[in-house]
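If you count the sequence shown from 1, position 339 lands on 335 in the numbering used here, and the numbers rise without skipping.
Virtual Cβ for every residue (Gly too), placed ideally from N, Cα, C.
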Amino acid sequence: MTAAGTDRETRDAVIIGGCGRVGLPLGIALASRGRTVTLYDINAAAVDTVNGGCLPFDEDGAAEPLRAAVANGNLDATTDPASVGSADTLIVIVGTPVDEHLNPDLAAVPRALERCVDHLRDGQLVVLRSTVHPGVTALTERLLQRHGLDIDVAFCPERIAEGHAMTELFTLPQIVSARGDRALERASAFFSALTENIVPLVPEEAELAKLFTNTWRYIKFATANQFWMMANDFGLDFERIRHAIRHEYPRAADLPGPGFAAGPCLLKDTMQLAAFNNNNFVIGHTAMLINEGLPLYLVSKLEQQFDLPKMTVGVLGMAFKGGSDDSRESLAYKLRKILMLKAADTLCTDPYINDPRFVPLDDVLTKADLLVIAAPHPEYRDLVTDKPVADMWGIAGRGMRI
Ligand SMILES: NC(=O)c1ccc[n+]([C@@H]2O[C@H](COP(=O)([O-])OP(=O)(O)OC[C@H]3O[C@@H](n4cnc5c(N)ncnc54)[C@H](O)[C@@H]3O)[C@@H](O)[C@H]2O)c1
């Protein structure tokens, strides 16, 4: 269950959920700074992959330090819940989804701790790093007290973007929050292995800070998507307008381009914030309608221009963002579903994702009558094809008009 020959009696940290998309880069970053880290995870396949010195998913710049850290014993992975007793500092970074009714799962983090509670001990520091609904840090404090445990609790949200973790973990300021000075100092000292740039808050402020961060980004994407649809309906290329807006005009530099705003974080964190605010969150819900409606808009525009029921449509890129192998909550799948109803046939391809339903790009280019870029992978920048290409991202260099 653990890497052979690794002594887990004196680890600096155990990461619960440590083989996930954000837990693993954190473990690698800490190990690269000389910390000894055990990754506790219920995913046995991921644990085996990590102990073999390999990444279970793509993360830029993580493969080599992972190999080195496993080889020198700084990093190991296990499915053994008893491992949580082997370090003074525990970091919890399990998934915190919303359910099918868009309600947050308040118990995701407490449940992960309950699973290994028999192995927790007085004097430990538990750092929550999952993105949580406000109040979950307090819930966790009460849970540990109920079990008679004298454990410090901190909430220190992760703010990296997937694919950039191995630089951002060392360069982004770290928000650190806790209720008492001792917990705050312990958590700050722990993260000083990565950065000296610590921003202290109280837990409820930090919980909101993380949700505001992701929601702000989600709303910005929705704004760009609405602008794009407006310009597009008016027969104009939003790319030209956006270029003019941003050109040597720093106040508009953060206007994003249009595209599917999806993935495992932005929508669900906006919905967590809505739930926190008694579902009174007009701008958040509006952003959801715009972003989640984009595949429908796209297909409706294609229907106006093409005889879809007689056509094979190729969907290029199924990941939730460009250059990624992560398909979680990708709107490319929603696009595929809509096209399955509207088009004669739909072919999907993605160079980063292994899925038996997908076909190689060359086959799609040969067989499809119409191509839609659903994820802006760099591979599609120099697409050579005489087929029509619907490219709201403007990545193929032919503008954004559809
Ligand atoms: N993905 C991102 O870019 C990102 C960025 C910042 C913050 N976050 C937040 O980080 C958290 C984790 O996200 P993720 O994308 O890494 O999810 P993930 O699903 O990739 O990783 C979670 C890991 O936890 C493991 N796990 C689940 N329950 C467990 C348990 N009881 N005990 C031990 N291991 C358990 C899973 O097997 C998985 O490996 C979420 O709250 C998310 O919102 C994610």
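Same chain, Cβ closer than 8 angstroms to E110, five either side skipped, listed in chain order: Hits under 8 angstroms: L139.
Three-way DSSP call (helix, strand, coil) for G289 in this model: DSSP places G289 in helix when its eight states are reduced to three.
Proximity test, M38 beta-carbon vs ligand 1 heavy atom, cut-off 7 angstroms: The residue asked about is misnamed: residue 38 is Ile in this sequence, not Met. Indeed, a heavy atom of ligand 1 lies less than 7 angstroms from the Cβ.
Span of the alpha helix (DSSP H), counted from its first residue to its last, around D378: Premise fails: D378 is in no alpha helix (DSSP H) and is neither H nor E.
Simplified DSSP state of V88, which is helix, strand or coil: Three-state DSSP puts V88 in a strand.
beta-carbon T157 near ligand 1 non-hydrogen atom, thresh 7 angstroms: Per the sequence shown, residue 157 should be read as Ala rather than Thr. Because some heavy atom of ligand 1 lies under 7 angstroms away, the Cβ of A157 counts as near it: yes.
Close beta carbons around G81, own chain, < 8 angstroms, minus the five adjacent residues each side: Taking C-beta separations shorter than 8 angstroms and ignoring five residues to either side along the sequence, the partners of G81 in its chain run H115, L116, R117, following chain order.
Every unbroken beta strand (DSSP E) within the segment 97 to 134, with a cutoff of 3 residues, ordered by chain: Qualifying beta strand (DSSP E) stretches, in chain order: 121 to 124.
Proximity to S326 [Cα-Cα], best of L292, Q300, A371: Ranking L292, Q300, A371 by Cα distance to S326 puts A371 first.
Under the three-state DSSP convention, the category S188 falls into: Of the three classes helix, strand and coil, the one that applies to S188 here is coil, per DSSP.
Distance cut-off 7 angstroms: P260 Cβ against heavy atoms of ligand 1: For ligand 1, at least one heavy atom lies less than 7 angstroms from the Cβ of P260.
H163 beta carbon near ligand 1 (any heavy atom closer than 7 angstroms): The sequence as given places Thr at residue 163; His does not occur at that position. No; taking the cut-off as 7 angstroms, the Cβ of T163 has no heavy atom of ligand 1 nearer than that.
Q222 versus A339 - alpha carbon distance: Distance between the alpha carbons of Q222 and A339 is about 25 angstroms.
Segment contact, 8 angstroms Cβ cut-off, at least three pairs: the segment 94 to 104 with the segment 211 to 228: Between the segment 94 to 104 and the segment 211 to 228, the count of Cβ pairs shorter than 8 angstroms is below three; the stretches do not touch.
I326 Cβ short of 7 angstroms to ligand 1 heavy atom set: Note on identity: in this sequence residue 326 is Ser, with Ile being the wrong assignment. Judged by the Cβ position, S326 fails to qualify as a neighbour of ligand 1 at the 7 angstroms threshold, every heavy atom of the ligand being at least this far.
Under the three-state DSSP convention, the category I398 falls into: Reduced to three states, the DSSP call for I398 is coil.
Segment contact flag, the segment 63 to 78 with the segment 39 to 47, C-beta cutoff 8 angstroms, min 3 pairs: Three or more Cβ pairs drawn from the segment 63 to 78 and the segment 39 to 47 lie within less than 8 angstroms of each other, which places the two stretches in contact.
Rounded distance between the beta-carbons of V360 and L335, thought under 8 angstroms: Between L335 and V360 the beta-carbon gap is near 13 angstroms, outside 8 angstroms, which marks them as no contact.
Buried or exposed (CB count within 10 angstroms, at least 16 for buried), G69: By the 10 Å Cβ count, G69 comes out exposed.
Inter-residue spacing [alpha-carbon to alpha-carbon] between L304 and V380: A direct Cα-Cα distance of roughly 22 angstroms separates L304 from V380.
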